[in-house]
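Structure, as structure tokens:
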Amino acid sequence: MLLAGFISACKNNPTQVILNTPPPVIGKQVTGDTLRGFLSGTVPNTQNGKAHPIYYMDSTVVVNKNDTLLIQPGITIIMLNTGPTNPKGAPEFQVYGTMICAGQKGSPIYLTVPANIRKYVSLTDATSPTLWGGIECAGPTNAFTNQGSGDLIVKWTHIEFAGGSSAVTDPIVSSAGNRYAIWYQNPTGHFIMEDSWLTGSTDDPLRISGGNISIFRNVIECCAPTTGDFNFKSGTVGDVAYNVFIGISTNGPKSANPSKTVCNVNIYNNTIVTCGWRVTKPSRAGSTNIEDGARGIEFNNLIVNCRTGFRLLDNPLADTADTQYGYMWYYGSTDAIVHLFYPDTTNVGGLEKPKPGDVAGVAKANDPQFVAYNVEQFTASGIFNTFPTPYSSQLPLPALNFMRSMDENGNARFLDVTTPFKSDFHLAPGSKAIAHGYTGAVKLNNGTAVPVPIANCPVATDANHIFGTYNVKGLGADYGAYQTDNSGNQQ
């Protein structure tokens, strides 16, 4: 009955308001303040009578097949023994069962590193700073269980400086070296990420190698020194909407289907700022991208001072017949950026064309009018004749040391290091990006309607538990992640 109620609610009201509830409990409570080895049950947010405790993780935590590990709201987990010099490899979560980070608004979870390295991330050196491994979920062919992991649910959680190098191999990561901050790879499972932050990574901040996904209202900032995307591969189906991407090496959201199974991702109402400028590989994009047999939709994305606009790749060819796009808002502070609003085959292999509803003018035209972010701070002087160069020689800042001004509760926004204010990507009253997005039906070329969202409120389960409902929403009337009716990004 509970499950039926969840699904019915999702069908009748696609934008749900999920109120904070008492912290859920699964199985036994984990004891002690140091997490390591095989764990299941609940990491409680009270410890020795103290609320919102700090835990430490000095080696890898393994969530076994058919087990569930639940982290309650308000918890901070500090990773120790970080970096490739650790002979056992930096700590990570190896997930064969189900893992749930059940943060709440006003009581988020932090998965982070000690304070002395938490305040910066180098964008020019792939081995610095020393980082922890991340959340690595088993694929369906792993040697331990011969099946994929269970579900991974991340809500109101800060995941900081993950994806660090490993000195040794492990059963999930096939070789020593860089890891993804989050890696999910079970085509029959669910990955849900809502209202969370990914800050800093060594490669892709997120890679989905198969799974039913629901990724709403997150902030992904300053990830990947020289290459990396918010990456969706074969076997991935779902939605990526109302997220903010800022300062990623290559793309924000990117879809590719090299295994030719299915990769069908709706990417809409995202704000994508200054991405693509650190990529060192040729013929790569710098905002959002569909390629190599993948399909989906791209609508209402707000793309500001990125190296390229949306790219529908020609080689390897995207599934152009089943991809629909339009209503992109582009801003570029220079002619060089404007030139690649619509990437062509000469530059980075794009087949996309201007579409109805697109906003794309000359340099410095169509400022979306963010509440507190100066879009004109960017200059592309020297970028194209020195490309590819380390980001430290390019603008806009941040460059070598990206400093975030943030209290321990994570309340502060981005720090714009060229001016004294903190950036805020809400649309200011009077912005022309308000109320001009597309909210109608989306149809393929053959007339088939596309469900938006695809997610249809997935319910994550394990053998004994049903956890939560998921707050998903279709196309928003305002371009970008922030909606004036407060239904979009909450960060």
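Numbered by this note's numbering, the letters in the sequence shown go through residues 652 to 1142 in order. Built from N, CA and C at the ideal position, the CB exists for glycine as well. Keep in mind it's a predicted model, so treat the numbers as computed, not measured.
Assigned secondary structure, residue 933 (DSSP; H/G/I helix, E/B strand, else coil): coil
Whole-angstrom distance between residue 1005 and residue 1093, CA atom to CA atom: 17 Å
Rounded Cβ spacing between residue 1104 and residue 917 (contact assumed at less than 8 Å): 6 Å
Local conformation of residue 1003 per DSSP, three classes: coil
Residues near residue 1070 by beta carbon distance below 8 Å, same chain, minus five either side: Because residue 1070 sits at a pLDDT of 42, beneath the cut-off of 50, its placement in the model cannot be relied upon, and the following sentence gives the value as read from the coordinates. Answer for residue 1070: 1025 and 1028, listed in chain order.
Residue 742 classed as buried or exposed, judged by whether at least 16 other C-beta atoms fall within 10 angstroms: buried
Given residue 954 as reference, the closest of 1132, 731 and 840 once Cα atoms are compared: 1132
Where residue 713 falls, given that 16 or more other Cβ within 10 Å makes a residue buried: buried
Backbone secondary structure at residue 836 - three-state DSSP: coil
First and last residue of the uninterrupted beta strand (DSSP E) at residue 897: 895-897
Candidates 721, 744, 992 and 763, of which the one nearest residue 754 by Cα: 721
Bridge partner(s) assigned by DSSP for residue 747: DSSP output for residue 747 lists no bridge partner at all.
Extent of the continuous beta strand (DSSP E) to which residue 805 belongs: 803-806
Nearest residue (CA-CA) to residue 760, options 806, 1087, 830 and 797: 806
Among 1011, 971, 784 and 979, nearest to residue 988 - alpha-carbon criterion: 1011
Cβ separation of residue 715 and residue 748, assumed to be a contact under 8 Å, to the nearest whole Å: 6 Å
Coil, strand or helix - residue 698 by DSSP: strand
Beta-carbon gap between residue 728 and residue 706 smaller than 8 Å: yes
Proximity of residue 812 and residue 764 at Cβ, strictly below 8 Å: yes
Where residue 986 sits in the DSSP three-state scheme: helix
Residue range of the beta strand (DSSP E) that includes residue 841: 841-845
Same chain, Cβ closer than 6 Å to residue 870, neighbours up to 5 away in sequence not counted: 848, 895 and 1142
Residue 982 and residue 1009 closer than 8 Å at C-beta: no
Rounded C-alpha distance that separates residue 924 from residue 956: 6 Å
Paired residues, beta bridge with residue 719 - DSSP: 749
Any non-hydrogen atom of the ligand GTP within 7 Å of residue 1086 CB: Among the ligands in the structure shown, none appear at all, so the ligand GTP cannot be discussed.
Nearest residue (CA-CA) to residue 831, options 888, 993 and 859: 859
C-alpha distance - residue 909 paired with residue 960, whole-angstrom precision: 22 Å
In DSSP terms, what residue 755 is bridged to: 758
Residues that residue 979 bridges to, as DSSP identifies them: Answer is none; residue 979 lacks a bridge partner.
Bridge partners - residue 942, DSSP secondary structure assignment: 907
Paired residues, beta bridge with residue 707 - DSSP: 685 and 729
Secondary structure of residue 1100, DSSP reduced to three states: strand
Residue(s) in a DSSP beta bridge with residue 914: 887
Close Cβ partners of residue 803 (< 6 Å) along its chain, the five nearest in sequence each way excluded: 750, 788, 835 and 842
Residue from 808, 906, 986 and 952 with nearest C-alpha to residue 964: 906
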